[in-house]
Amino acid sequence: MNVCIVGTGYVGLVTAACLSEMGNHVRCVDKSPKVVETLRAGSIHIFEPGLEELVRRNCAEGRLTFTTSLAEGLSFDGDGAEFAFICVGTPSGDDGVCDLCFVDAVAEEIGRTVTSPLIVINKSTVPVGTADRVRVILTRELAARGVDIDVDVVSNPEFLKEGDAVKDFMKPDRVIVGTENPKSAEMLKALYSPFARSREKLIIMGVRSAEMTKYAANCMLATKISFINEVANICERVGADVSEVRLGIGSDHRIGYDFIYPGVGYGGSCFPKDVKAFLATARESGYEAELIKSVDEVNTRQKGVLARKVLDHFAPLGGVAGRTLALWGLAFKANTDDIREAPAFDIIRELTGQGMRVQAFDPVATKRAQAELADNALVELVGSQYDALKGADALAVVTDWNQFRNPDFSGIARQLAEPVIFDGRNLYSRSLLARFGLKHYGIGR
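Take the sequence shown: its position 44, counted from the start at 1, is 1077 in our numbering, and no numbers get skipped.
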């Protein structure tokens, strides 16, 4: 099939690479000539395990191409694209409302450019009602041209985890398609059939239900994270260990173990934005979503927990001013370079605001972090996790990268002026660290 993908961020590029891997002809459209040039050269501008290999292979075999022109993206050697995926950003404002200017702009350009029947697919995470909005824009633009072209709009939300996105696309739990058009449903079923060989994974529903499903899913997962963080905070106050509590509740199949890892709060491009957007959608409909509001508030508070532990530890020792903290992990989670809403930056802002220096390391997110931290003279980004320890008073572990899980504890103890680790991901055993003379502060312990 001929597929046009508009937008080459995490969602767009993963979608393009995986669809082309299954034999489809895919053209990606991006407004940035620099991004297009990078992709044509076989490199990618984001970090996602396994993605660059897919992009290179499918570019080399001619199934995947890149352009800055939407007209070119919709044209395949005289034939038109059968699908156009909208995979552009939908940033949220201070009130949580999604800014749909990029979605609107793509819809307008498609309406001005399309020459043959097309299924327009909203892949971006958008508020309920956006497909109807896109349909109105397309109808208006086609009418202005005086042409009658069969263009349908469907919702096909993504459920990709950063750091595992290729696997998630190749072996999805489900594929949600929102449409009332049987022909569009059959076309989407054919497009996704290579990804559903073991069982039927396509779930057809109404367009607005599909849009709602995306928000509901992410808010449910965010709720589990905030819930276990609330439990962790209470555990600390009553003498319980949240790691043991997690085992006890996770063994109940109705709850499960996924997304109940206590830590420093969720971040990234999805959960923070989608929770706020869901709250805004509820408000616009005249409803106050108190539970989801609490999820957001708990997460905001949780991002400050590790910094407070650092401040409390050093308070009797004269405070943190003039001291240095080694910090491991800047990305919001392992296996990604995404620093959006990452808890590490809340921790850095709080501690440097109190006069503490920070020496930070991340395996892949350092380049993105440089721009974010450029104006903070108390922060130094270093080249290795052990370089961060040089001259440091203490260590804080914020992201659960594999290379942080079993480090050289004796070396850490030798280098730290104050042998203490603030473990924001509960990676370490307190009894193990005690053998090396290291004091341990975890979450919920």
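Backbone N, C-alpha and C fix where the C-beta goes; we use that ideal spot for every residue, glycine too.
| Asked | Found |
| --- | --- |
| For the alpha helix (DSSP H) holding S1443, just list the boundary residues, first then last. | F1442 to Q1448 |
| Which whole-angstrom value describes the C-beta separation of L1339 and I1288, a residue pair presumed to lie in contact below a C-beta threshold of 8 Å? | Going by Cβ atoms, the distance from L1339 to I1288 rounds to 26 Å, so no, they are not a contact pair. |
| Closer than 6 Å by C-beta to D1274: which residues in its own chain qualify, once you throw out the five before and the five after it? Chain order, please. | R1478 |
| Closest to L1171 by C-alpha separation, out of P1160, S1157 and L1151, would be which residue? | L1151 |
| For the structure I just gave you, are there three or more beta carbon pairs, one from the stretch 1079–1098 and one from the stretch 1275–1284, closer than 8 Å? | no |
| Taking the beta strand (DSSP E) that H1058 belongs to, which residues open and close that run? | H1058 to V1062 |
| For L1471, does the three-state DSSP call read helix, strand or coil? | coil |
| Report yes or no: do the stretch 1136–1149 and the stretch 1290–1309 share at least 3 C-beta pairs separated by less than 8 Å? | no |
| Alpha carbon to alpha carbon, what distance is there between F1437 and L1411? | 23 Å |
| Between L1384, E1374, S1464 and S1157, which lies nearest to L1046 when the distance is taken from Cα to Cα? | S1157 |
| Confirm, please, whether the CB-CB distance from D1420 to T1357 is below 7 Å. | no |
| How would you call D1063, buried or exposed, if buried means at least 16 neighbouring beta carbons within 10 angstroms? | buried |
| Compute the Euclidean distance between the alpha carbons of D1395 and P1215, then round it to the nearest angstrom. | 48 Å |
| Can you tell me which of the three DSSP states F1292 falls into? | coil |
| Assuming R1071 and C1120 form a contact by the criterion Cβ under 8 Å, report the distance between their Cβ atoms to the nearest whole angstrom. | According to the sequence provided, residue 1071 is Thr. The question's Arg does not apply to it. The Cβ separation is near 17 Å, so there is no contact. |
| Is it right to say N1459 is buried, meaning 16 or more other beta carbons lie within 10 angstroms of its own, or is it exposed? | buried |
| Tell me the rounded alpha-carbon separation between C1553 and S1108. | Residue 1553 lies beyond the stretch modelled for the chain, which goes from 1034 to 1478, so this question has no answer here. |
| In terms of alpha-carbon separation, which member of I1445, S1443, G1475 and A1265 lies closest to F1455? | G1475 |
| Does the stretch 1160–1169 come close enough to the stretch 1232–1242 that 3 or more CB-CB pairs lie under 8 Å? | yes |
| Is N1189 helix, strand or coil by DSSP? | coil |
| For the stretch 1130–1158, list the alpha helix (DSSP H) runs that are entirely contained and at least 4 residues long, ordered along the chain. | 1134–1146 |
| Whole angstroms are fine: how far does the CA of I1236 sit from the CA of A1229? | 12 Å |
| Look up Q1392 in the DSSP assignment and give the residues it is bridged to. | A1359 and E1413 |
| Using the Cβ count rule (16 or more neighbours within 10 Å means buried), how would you classify D1329? | buried |
| Could you tell me which whole alpha helix (DSSP H) segments of length 4 or greater appear in the stretch 1264–1338? | 1275–1283, 1304–1317 and 1323–1335 |
| To the nearest angstrom, how far is it from the Cα of M1055 to the Cα of F1116? | 15 Å |
| Determine, using beta carbons only, whether D1201 and L1193 come nearer to each other than 7 Å. | yes |
| Just checking my contact of D1370 with V1397 at CB under 8 Å: how many whole Å lie between their CB atoms? | 4 Å |
| Could you tell me whether the Cβ atoms of Y1199 and V1153 are closer together than 7 Å? | As written in the sequence, residue 1199 is Val, which differs from the Tyr given in the question. Not a contact, by the Cβ cut-off of 7 Å. |
| Would you call R1341 buried or exposed, if buried means 16 or more other Cβ atoms sit within 10 Å of its Cβ? | exposed |
| Candidates K1222, S1102, D1137 and G1196: which alpha carbon is nearest F1080's? | G1196 |
| Use the C-beta contact count for D1112: other C-beta atoms within 10 angstroms, 16 or more gives buried, fewer gives exposed. | exposed |
| Take R1090 and list the residues in its own chain whose beta-carbon comes closer than 8 Å to its own, dropping the five residues that flank it on each side. | E1054 |
| In chain order, which continuous runs of the beta strand (DSSP E) of length 3 or greater are located wholly inside the stretch 1215–1254? | 1235–1238 |
| Taking 7 Å as the threshold (C-beta atoms), are S1125 and A1310 in contact? | yes |
| Using the DSSP secondary-structure output, state which residues sit across from D1211 in a beta bridge. | Note that residue 1211 corresponds to Gly in the displayed sequence, not to Asp. Answer by DSSP bridge pairing, in chain order: S1188 and M1238. |
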